[in-house]
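S.K.: Letter by letter, the sequence shown follows residues 1 to 208 of the UniProt record's numbering.
Every residue, glycine too, gets a C-beta built ideally from N, C-alpha and C.
Just passing along the structure, written as structure tokens.
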Amino acid sequence: MKKNFGLYLILTDPVAGYEACAQAAVDCGLRYLQLRMKNAPCAEVVATAKAIRRITQGSQTRFIVNDDLAIAIEADADGIHLGQSDQSLTEARAAWSTPGKLFGLSTHSMEQALQAVALAPDYIGVGPVFPTRTKADADPAVGPQETARIMKQAPVTAVAIGGITAANLPGLLDAGASNFCVVSAVNASPDPAGAIRELQQIWKTHCF
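Right, here's the structure in full:
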């Protein structure tokens with residue numbers, strides 16, 4: 001069954017610090033929090049992942065690790081998010097068979113979103129909606145209308161991602177998107193809890 005929860009937060013170089021941002025996500029009741037530390041030393045990623053695990057443990061915030069299955073397992077995260085060019089979801093699920101773990105998958109088109117169904121991910125990411133600077137190898141922007149169309153037709157929970165800010169979020173939601181993911185919109189703020197609350201209020205205003 002599709003789930004609507006609003007903001008899915010990815011942590012990448014937050015100005016307030018990883019632990020402060022993770023605590024803000026928990027305090028604000030976010031459903032998903034993902035750690036994405038591209039090119040950081042493995043030991044640093046593991047230490048950060050374990051710290052976030054301690055903060056999210058026992059809360060309603062599910063802690064997801066980006067790309068690296070070994071780190072997700074070592075930190076006992078709630079799940080892993082994989083891209084189209086990462087380890088296959090089928091292989092990851094076979095290697096991490098602990099009950100209750102979550103598996104997310106990035107998609108960049110209607111074709112990829114529909115193909116993902118056979119892999120039975122717990123959710124899919126759809127985008128990038130807008131041009132984004134947070135990924136050097138980002139795919140071409142899909143646009144809010146097409147993103148919303150893909151999300152509506154996808155038979156699994158879908159999350160819009162890519163270049164989403166408080167300024168362009170209303171248009172995306174009005175197009176029909178329900179869940180959305182941000183990076184810079186929270187990571188660049190010295191007040192992550194305030195940024196989270198602003199985004200969630202926009203979501204509530206446009207979706208309820």
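Is the separation between the beta-carbon of N179 and that of N4 shorter than 8 Å?
M.R.: The count along the sequence shown starts at 1 and reaches residue 179 at position 179. The count along the sequence shown starts at 1 and reaches residue 4 at position 4. Yes, the pair counts as a contact, with Cβ atoms nearer than the cut-off.
S.K.: For R31 and A141, what's the separation of their Cα atoms in angstroms?
M.R.: For the purposes of this step, residue 31 is taken as the residue at position 31 of the sequence shown. For the purposes of this step, residue 141 is taken as the residue at position 141 of the sequence shown. Between R31 and A141, the C-alpha separation is close to 25 Å.
S.K.: May I have the straight-line CA-CA distance separating E91 from F103, to the nearest angstrom?
M.R.: Against the sequence shown, residue 91 aligns to sequence position 91. Against the sequence shown, residue 103 aligns to sequence position 103. Cα to Cα, the separation comes out at about 11 Å.
S.K.: Please report the Cβ distance between A158 and I150, rounded to the nearest whole angstrom; I am assuming they are in contact, meaning their Cβ atoms lie under 8 Å.
M.R.: Position 158 of the sequence shown holds residue 158. Position 150 of the sequence shown holds residue 150. Correct: roughly 7 Å between the Cβ atoms.
S.K.: Near I73, which residues of its chain fall below 7 Å by C-beta distance, leaving aside the five closest residues on each side in sequence?
M.R.: The count along the sequence shown starts at 1 and reaches residue 73 at position 73. Cβ within range, chain order: W96.
S.K.: With DSSP as the reference, please indicate the residues paired to H81 in a beta bridge.
M.R.: Numbered from its first residue, the sequence shown carries residue 81 at position 81. H81 pairs with N66 and G104.
S.K.: Given a cut-off of 8 Å on the beta-carbon distance, is the pair G125 and C181 in contact?
M.R.: In the sequence shown, the residue the question calls residue 125 occupies position 125. In the sequence shown, the residue the question calls residue 181 occupies position 181. Yes, these two residues count as a Cβ contact at 8 Å.
S.K.: Mind checking which residues open and close the beta strand (DSSP E) that includes Y21?
M.R.: To locate residue 21, count along the sequence shown from 1; it is residue 21. Reading the sequence as shown, one finds Cys at residue 21 and not Tyr. C21 -> not in any beta strand (DSSP E); alpha helix (DSSP H) instead, spanning Y18 to D27.
S.K.: Could you tell me which of A118, D76 and L114 sits nearest to P99, measuring between CA atoms?
M.R.: Position 99 of the sequence shown, counted from the start, is the residue given in the question as residue 99. Nearest C-alpha to P99: D76.
S.K.: Please check the pair Q153 and H81, which I expect to be a contact at CB under 8 Å, by giving their CB distance rounded to whole angstroms.
M.R.: Translated into positions along the sequence shown, residue 153 becomes position 153. Translated into positions along the sequence shown, residue 81 becomes position 81. That pair is no contact at about 21 Å.
S.K.: With DSSP run on the structure shown, which of helix, strand or coil describes V182?
M.R.: Numbered from its first residue, the sequence shown carries residue 182 at position 182. Note: V182 maps to strand in three-state DSSP.
S.K.: Could you give the C-beta distance for T61 and A25, rounded to a whole number, given that I count them as a contact under 8 Å?
M.R.: Residue 61 sits at position 61 when you count from the first residue of the sequence shown. Residue 25 sits at position 25 when you count from the first residue of the sequence shown. Yes, they are in contact, since the Cβ atoms of T61 and A25 sit about 6 Å apart, within 8 Å.
S.K.: Under 7 Å: does the beta carbon of E198 sit that close to some heavy atom of the ligand ZN?
M.R.: Annotation note on the ligand ZN: not contained in the displayed structure, which lists no ligands.
S.K.: Within this structure, are the beta carbons of V15 and A185 separated by less than 8 Å?
M.R.: Taking the first residue of the sequence shown as 1, we reach residue 15 at position 15. Taking the first residue of the sequence shown as 1, we reach residue 185 at position 185. Not closer than 8 Å, so no.
S.K.: Are the CB atoms of L9 and Q200 nearer to each other than 8 Å?
M.R.: As a working note, residue 9 is residue 9 in the sequence shown. As a working note, residue 200 is residue 200 in the sequence shown. No, Cβ-Cβ distance for L9 and Q200 is not below 8 Å.
S.K.: Among all the DSSP beta bridges, which residues are the ones paired with I55?
M.R.: In the sequence shown, residue 55 corresponds to position 55, counting from 1. Answer is none; I55 lacks a bridge partner.
S.K.: Counting C-beta neighbours from all protein chains within 10 Å, is the total for T107 16 or more, i.e. buried, or is it exposed?
M.R.: As a position in the sequence shown, residue 107 is number 107, starting the count at 1. So T107 ends up on the buried side.
S.K.: Is the CB-CB distance between C21 and P192 below 8 Å?
M.R.: Taking the sequence shown and counting its residues from 1, one reaches residue 21 at position 21. Taking the sequence shown and counting its residues from 1, one reaches residue 192 at position 192. Their beta carbons are under 8 Å apart, which means C21 touches P192 by this criterion.
S.K.: Take E19 as the anchor and find which of W203, C42 and F63 has the nearest alpha-carbon.
M.R.: Position 19 of the sequence shown holds residue 19. It is F63 whose Cα lies nearest to the Cα of E19.
S.K.: So which of W203, A160 and I196 has the shortest CA-CA distance to Q23?
M.R.: As a position in the sequence shown, residue 23 is number 23, starting the count at 1. Selected option, being the one with the closest Cα: I196.
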